[in-house]
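Report on the structure given below.
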Amino acid sequence: MIFPAVCWAQEAAPPARFANPGLAPGDQVLVHMYDFADLGGGVNARIAPNGTVRLPYAGTIQAAGMSPDAFQIAVADALRDRGIVKNPNVTVEIVSAVNLTVQLSGPGVSSKSIPLYAPAPLSYVLIQAGGLNGYAAHHLTIIHPDDEMPTSLDYDPDSPDRAVLQTVVRPGDLVHVASRGVYFVVGEVGRPGIYPIGGALSIGQVNASSGIGVVKQLTLLEVLAQVGGVTAIAARSKMRILRTVDGKREEIMVDEVKLYKGEVADPIIHPNDIIFVPTSYIRQQTNNLFSTALSGLYAATQIKSITD
577 MIFPAVCWAQ EAAPPARFAN PGLAPGDQVL VHMYDFADLG GGVNARIAPN GTVRLPYAGT
637 IQAAGMSPDA FQIAVADALR DRGIVKNPNV TVEIVSAVNL TVQLSGPGVS SKSIPLYAPA
697 PLSYVLIQAG GLNGYAAHHL TIIHPDDEMP TSLDYDPDSP DRAVLQTVVR PGDLVHVASR
757 GVYFVVGEVG RPGIYPIGGA LSIGQVNASS GIGVVKQLTL LEVLAQVGGV TAIAARSKMR
817 ILRTVDGKRE EIMVDEVKLY KGEVADPIIH PNDIIFVPTS YIRQQTNNLF STALSGLYAA
877 TQIKSITD
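The sequence shown runs 577 to 884 under our numbering.
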């Protein structure tokens, strides 16, 4: 994928101490030299380990450390200095550039590289990334390529803070978006398993990866809806939420019968909670006896039909 060389608006001008890292060995550029019909599709070139690029007609040009615009001027100057073209028509597009991008990572965002040739506000980077998804926690970390300490931010998409959105992101930075975490459901439920805290993922057309159907706080009743409810042999009054707080395991007892009746509060589910729905052995035995009785009745019906 080719990204056009664009710079940020004047209000996001780089701070005085910022030095554009420019192109680097391994970066890939597409150079269009429109004065040559045989190069109609442009020249796709990669910067060599010594920082140079060799181009038809223009020869070998030092590219490392240059901005895309400066490299474009250098190619045009080479053609002019060689006396090949008096007024060269040259453009440069960046295919990939390690130092001229912002990397986005983490389960809370679609991982990708955003082309960035000058410092820009965080809002611009998030818009280019398509925003945060339903798995995203309200915490972002900007990791800088130099010795500067990482920048930690609290960002709520539903109530964005202007100062956070204007936080400066520079070329070469990495923006990590943490996830809300997961919870675990075991025991007598329809679909035991590990689920992300990001909305009702298994119901209707909701999709946490796009932010659709996401709830800010997930409750136990919503969890039970996601996992298909409890089974017929569940000990509904002995449901437990196992939670680790400061390294210690806590056990929260929940009576699901009272929960559905609204007689007790609906607990908020935390990351790494384990929801355990035990088996009711009385219900299990009753269920087994009922199944045996049905099987016997079916067998008797079949025998009677044969004898008749």
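Yeah, the Cβ is synthetic: ideal placement off N, Cα and C, and Gly gets one too.
Note that the coordinates shown come from a computational prediction; the quantities given were computed from them, not determined experimentally.
How far does the alpha helix (DSSP H) with PHE647 in it reach, from first residue to last?
Taken as a continuous stretch (DSSP letters only), the alpha helix (DSSP H) holding PHE647 covers 644-657.
Suppose you measure from the CA of PRO664 to the CA of THR727; what does that come to, to the nearest Å?
44 angstroms
Simplified DSSP state of ASP614, which is helix, strand or coil:
helix
Suppose only complete runs of 4+ residues qualify. What are the alpha helix (DSSP H) ranges in the stretch 719-772, listed by chain order?
738-741
Can you tell me whether TYR857 is buried or exposed, with buried defined as 16 or more other CB within 10 angstroms of its CB?
TYR857 comes out exposed.
For a quick check, are the C-beta atoms of SER755 and PRO768 less than 8 angstroms apart?
no
Alpha helix (DSSP H) containing GLU832: first to last residue?
832-837
Compute the Euclidean distance between the alpha carbons of VAL765 and THR855, then round it to the nearest angstrom.
10 angstroms
Start and end of the alpha helix (DSSP H) containing LEU897?
The question about residue 897 has no answer here: the residues shown for the chain are numbered 577 through 884.
Mind checking whether VAL745 and VAL685 have CB atoms under 8 angstroms apart?
no
So, is GLN781 buried or exposed, given that buried needs 16 or more other C-beta atoms within 10 angstroms?
For GLN781, the pLDDT reaches just 43, beneath the cut-off of 50, and the residue's location in the model is therefore unreliable, leaving the point undetermined.
At least 3 beta-carbon pairs within less than 8 angstroms: the stretch 705-716 vs the stretch 681-695
yes
Quick one: grab the DSSP three-state call for VAL674.
coil
Once DSSP output is grouped into helix, strand and coil, what is the label at ALA662?
The sequence shown places Lys at residue 662, rather than the Ala named in the question. Three-state DSSP puts LYS662 in coil, outside helix and strand.
How many Å lie between LEU716 and VAL753 at the Cα?
5 angstroms
Selected residue, minimal CA-CA separation from MET642, among ILE844, PRO601, VAL740:
PRO601
Would you kindly work out how many angstroms separate the C-alpha atoms of LEU777 and ALA634, rounded to a whole number?
Only weak support exists for where LEU777 lies, its pLDDT of 46 falling under 50; the value from the coordinates is given anyway. Cα to Cα, LEU777 sits roughly 56 angstroms from ALA634.
Where do the ends of the beta strand (DSSP E) carrying LEU631 lie?
Per DSSP, the continuous beta strand (DSSP E) segment holding LEU631 begins and ends at 628-631.
Looking at C-alpha atoms only, which residue of ALA694, ASP722, PRO644 is the closest neighbour of SER672?
PRO644
Report the three-state DSSP secondary structure of SER778 (helix, strand or coil).
Low local confidence applies: a pLDDT of 43 at SER778 is under 50, so the model's placement there is unreliable, with the coordinate-based value given in what follows. The answer is coil: DSSP assigns SER778 none of H, G, I, E or B.
Per DSSP, what are the beta-bridge partners of LEU708 in this structure?
The partner list for LEU708 (beta bridge, DSSP) is empty, contrary to what the question assumes.
Decide if VAL572 is buried, meaning its Cβ has at least 16 other Cβ atoms within 10 Å, or exposed.
Given a span of 577 to 884 for the chain in the structure shown, any question on residue 572 remains unanswerable.
By DSSP, does SER813 sit in helix, in strand, or in coil?
helix
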